[in-house]
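Peer 1: Each residue of the sequence shown is one higher than the one before, counting from 3 in the working numbering.
Provided herewith is a single structure, encoded as structure tokens, for subsequent inquiry.
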Amino acid sequence: MTQEDAFRKVCISLEIAADLESPDQDKQSRMELQMQRLVTSPGSKLVQDQPTVIDITNRFIALRPTTEWAQRFCQGLEKLKPAS
């Protein structure tokens, strides 16, 4: 897996956890990630095995993302904020 793939996977994980749309160019990757999670987490265990936003954020920071990927990730986090 390339570094670019790792950035993409973590951003998609956040978008899935936050119930956000992924960019069109990543729809296929998102579907593959969702299918992978279904296969590895059968039944009701699926909900328990979903990474939390904190877990996803920690993974993302550990990757030392480029500005482009950091902007996408932060946009996803912004959409998670409750409306005030």
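Here a beta-carbon is modelled for each residue, glycine too, at the ideal position from N, C-alpha and C.
Which ranges would you report for the alpha helix (DSSP H) in the segment 9–80 if only whole runs of at least 4 residues count?
Peer 2: Runs found: 29–42, 47–51 and 55–64.
Peer 1: Can you tell me which of 62, 37, 18 and 58 puts its alpha carbon nearest to the alpha carbon of residue 6?
Peer 2: Taking only the C-alpha atoms, the option nearest residue 6 is 62.
Peer 1: Answer with buried or exposed for residue 56, where buried requires no fewer than 16 other C-beta atoms within 10 angstroms of its C-beta.
Peer 2: Residue 56 comes out exposed.
Peer 1: Please determine, among 28, 69 and 53, the residue with the shortest C-alpha to C-alpha distance to residue 20.
Peer 2: The residue with the shortest Cα to Cα distance from residue 20 is 53.
Peer 1: Can you check which of these residues, 37, 39 and 16, is closest to residue 80 by C-alpha distance?
Peer 2: Comparing Cα positions, the closest option is 16.
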